[in-house]
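Written out below as structure tokens is the structure these notes cover.
This is the structure:
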């Protein structure tokens, strides 16, 4: 990360905290910004940053600093919009938000002293906060990079260097495609899990035996229904249209399954189950190749 | 297991093999029955049984032997129906099938020299076969016991002793309630996972980037879509009506979510997400209490 002076991480939760810890050996100066003094005290105690501030203003950000926005997704867009007033000289900006269209539009609108790029590391755990953050969280995980109207070669290279430093694998995706894709493989699965939990709760009607006999299938399929309500409200609302479109197709597949079961045709059902199993096997093999670093040709292109 | 002479396990796959290994220290004689000679060779090599036969006839089963049927679910009902011809003197019978109504009806119809009880251990792994079986599989897992018209005090006590010996926790449930319950917490989650996999496959349309960026949410939610097609065809067909009823309610919850997203009302959505999270937390707490053995009063009643 030669082109970068200081790395300023704003929002020291699970993502920002893990990033600070992972970047520690690779950058000269890490600055932590968080409105919560308790969090900053933890950061100091862990030696995860060189300087700690409550606001971006206090960090006195300069043109060659890389500002990383790791606050909740709705706060990121607001923070980006306020940057010209807060950092008049400009700087490099990368964010870690879960939905990208709104944020990247805010980045597009920044004045030219800002070099900005959207980012989305595809990892996380159920728990949140600096206390549970860990340096290894990003290792071998996909880190999506989203070009904006303010993306220069310098910010692109800085982002790529950061992704490499923390052991993640960079993939370039356009903002609208990102949101559709995430709607499919993250936001819809969360809703599917929540719908399952509610359906089971309604039928169980207080009979705890239902929960006693539940095994790993229900355990795993209901896990995401325990996700943080406020965080997921924002994600669903900022990516409403993509999620609705996916749910529309999901519903069509559900109706197809209902019809297959109603007609009780063993052969049709088994053929569908066989196709489904093959699709899952193919998906897993593809994912494994990616994790093993065997798909370099599909990674970030050089143009910016 | 004082009332039992030999334990004869028919079908030495993951379930039957794990049972043989788990019961080994607790019973005098274990007999393995499997049509596949390679499997029996593995059983001999592992020292998991005292005697190995290809058929139930060859095992020469007597009145005080406990026959455990661990073959695929559709084969169990056929085997039970054939028992009076194969074991004319009768015996004790317990099965491990995943759906129970059909099997327990076949048990109801057995002549009185048979003492029979339905069983369903709520555990398993994705892989199958004796090679992956292990003695600890049943530990702290629910083992459902289903009374039939042929359930006596002796078979009930034998089943309870078996469940205790392998470290599982017995729960008594009626056959029809079992199938409805399993439809809810196992069969429906499998279909939900398969529907998700197919919806994602259709949208991805060959773009492997979709699989590269998929993280633990999609990974976990699609896991069950890799399940064995033949085994699950049988489960879905033998429990068709219960599964269809659950899917009907699932669809109503899905439609509710679609409406909530369409109206884009943040407060309603967040309230629903909060309720969902609470339901998941309650479910997990209940399940944990059960695993810790803190719900004795809800377990098997003494009457048979």
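Protein chains in written order, with my numbering: chain Z, 1 to 304; chain L, 1001 to 1304. All C-beta atoms in this analysis are idealised placements derived from N, C-alpha and C, irrespective of residue type, glycine included.
Counting the other CB atoms within 10 Å of its CB gives residue 62/Z a total below 16, which places it among the exposed residues. Taking a Cβ-Cβ cut-off of 8 Å, the neighbours of residue 287/Z in chain L comprise 1211, 1212, 1214 and 1219, given in sequence order. Using a Cβ-Cβ cut-off of 8 Å, residue 75/Z does not count as an interface residue toward chain L, since no Cβ of chain L sits closer than that to its own.
Shown here, residue 1253/L sits in a helix according to DSSP, grouped into three states.
Contact fails between the region 153-168 of chain Z and the region 185-200 of chain Z, because fewer than three Cβ pairs, one in each stretch, are under 8 Å apart. In this structure residue 1233/L is in contact with residue 270/Z, their Cβ atoms being roughly 4 Å apart against a cut-off of 8 Å.
Between residue 9/Z and residue 39/Z, the CB-CB gap reaches or exceeds 8 Å. With a beta-carbon spacing of about 6 Å, residue 243/Z and residue 188/Z fall inside the 8 Å limit used to define contacts. The C-beta separation of residue 15/Z from residue 147/Z comes to about 21 Å, leaving the pair out of contact by the 8 Å criterion. Under the three-state reduction of DSSP, residue 1024/L is assigned to coil, being neither helix nor strand. Interface residue (Cβ-Cβ distance to chain Z less than 8 Å): residue 1168/L is not classified as such. Distance between residue 292/Z and residue 140/Z, taken at the CA atoms: about 8 Å. Burial check for residue 1200/L: the Cβ neighbour count within 10 Å reaches 16 or more, so the residue is buried. Between the region 1112-1128 of chain L and the region 1149-1156 of chain L there are three or more inter-stretch CB-CB distances shorter than 8 Å, so the stretches are counted as touching. One Cα belongs to residue 78/Z, the other to residue 72/Z, and the distance between them is close to 10 Å. Chain-ordered, the chain Z residues with CB closer than 9 Å to the CB of residue 1266/L read 233, 234 and 237.
For residue 183/Z, the CB contacts under 6 Å within the same chain, skipping 5 residues up- and downstream, are 239, 242, 243 and 246 in chain order.
For residue 1008/L, the pairing in a beta bridge is given by DSSP as 1031/L and 1067/L.
For residue 1147/L, the beta-bridge partners assigned by DSSP are 1117/L. Between residue 290/Z and chain L, the shortest Cβ-Cβ separation is below 8 Å. Under a criterion of Cβ atoms nearer than 8 Å, the residues of chain Z adjacent to residue 1274/L are, in order, 229. Per DSSP, residue 46/Z is not a residue of any beta strand (DSSP E); the alpha helix (DSSP H) it occupies stretches across 37-46.
It is roughly 10 Å from the alpha-carbon of residue 1225/L to the alpha-carbon of residue 275/Z.
When the beta-carbon positions are compared, residue 86/Z and residue 107/Z stay at least 8 Å from each other.
Distance from the CA atom of residue 1208/L to the CA atom of residue 229/Z, rounded to whole angstroms, is 31 Å. Residue pairing for residue 51/Z: DSSP places it in a beta bridge opposite 31/Z.
At least one CB atom of chain L sits nearer than 8 Å to the CB of residue 262/Z. Along the region 1025-1037 of chain L, there is no position whose C-beta sits under 9 Å from a C-beta of chain Z. Residues of chain L with a Cβ closer than 7 Å to the Cβ of residue 189/Z are, in chain order, 1196, 1217, 1218 and 1221.
In terms of beta-carbon proximity, residue 1145/L stays away from the interface with chain Z, with every pair separated by 8 Å or more. Put simply, the backbone Cα of residue 1192/L is about 8 Å away from that of residue 254/Z. Rounded to whole angstroms, residue 237/Z and residue 289/Z show a C-alpha spacing of 33 Å. In this structure, 1214/L is the residue among 1283/L, 1214/L, 1163/L and 1026/L with its C-alpha nearest to the C-alpha of residue 186/Z. Here DSSP, grouped into helix, strand and coil, assigns residue 245/Z to helix. Less than 8 Å divides the Cβ of residue 217/Z from the Cβ of residue 1190/L. About 7 Å separates the Cβ atoms of residue 96/Z and residue 69/Z, confirming a contact at the 8 Å cut-off.
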